[in-house]
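Below is one structure; the comments refer to it alone.
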Amino acid sequence: MTTKLILIAVLLTTLVLMPGCSKKDPPQPPEPTQTEGSTQDAAPDTTASAIEKVKESFTMDVDLEKTVDDLKAEAAKMDVESLKEVATKYKTVITEKEAELKTLMDKLSAVPLTEKMGEEAQALTGEIKTISDAVTALQERFGVYVDALTEKGVDVKALFG
């Protein structure tokens, strides 16, 4: 009888402790694959990394690390052609990111309601937030150059068309 009780106690202890032993690390997101000049990598973890990826698409006159106030001071010193060039670069990247954002939003809306809390939907939501934050930062900086062009008397309607 005691052998059976010991065996049952050991079995119960094993069953209770077993789930704790199988504890695994949470899955890590895959490393983004990067090609030179690419702005469409795997979902970055933070807004800073999203901005870094967007920054790679620019060749000159754009600095996403500077504050908006610093950009305003620099824009005030720039000539009209340089301002137009930088504003056009921002507008191009913003348009690309907004298209990417729309694609992700469409994918998220296609996820069935019963799976909205699943891994796929959460991954899409994370990507959407990252790209949305990057677009907001880009639009803010784009506005600096549009404002500078407006102050110099330039018609900026073409930048919005």
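Numbers given in my numbering equal positions in the sequence shown, counted from 1, plus 18. For every residue, glycine included, the Cβ atom is placed at its ideal position computed from N, Cα and C. Here the structure is a predicted model, which means the values were calculated and not measured.
Helix, strand or coil for residue i, going by three-state DSSP, please let me know.
i, result
"residue 138", "helix"
"residue 129", "coil"
"residue 182", "Residue 182 is absent from the model: the chain starts at 19 and stops at 179."
"residue 169", "helix"
"residue 83", "coil"
"residue 174", "coil"
"residue 179", "coil"
Please identify the residue among the options whose C-alpha is closest to the C-alpha of residue i.
i, options, result
"residue 169", "83, 84 and 90", "90"
"residue 85", "177, 178 and 155", "155"
"residue 172", "125, 130 and 98", "98"
"residue 179", "88, 87 and 105", "105"
"residue 177", "107, 124 and 114", "107"
Here's a check: name, in chain order, each residue in its chain whose Cβ is nearer than 8 Å to the Cβ of residue i, leaving out the five neighbours to either side.
i, result
"residue 112", "153, 156, 157 and 160"
"residue 122", "142, 145, 146 and 149"
"residue 116", "153"
"residue 139", "126, 129 and 133"
With a threshold of 7 Å (Cβ to nearest heavy atom), would residue i be considered close to the ligand FMN?
i, result
"residue 93", "As for the ligand FMN, it is missing from this structure, which has no ligand bound."
What residues in its chain sit with their C-beta under 7 Å from that of residue i, if we drop five residues either side in the sequence?
i, result
"residue 174", "164, 167 and 168"
"residue 119", "146, 149, 150 and 153"
"residue 109", "160 and 177"
"residue 94", "166"
Ends of the alpha helix (DSSP H) at residue i?
i, result
"residue 92", "86-95"
For residue i, which residues in the same chain have their Cβ closer than 6 Å to its Cβ, ignoring the five residues on either side in sequence?
i, result
"residue 136", "none"
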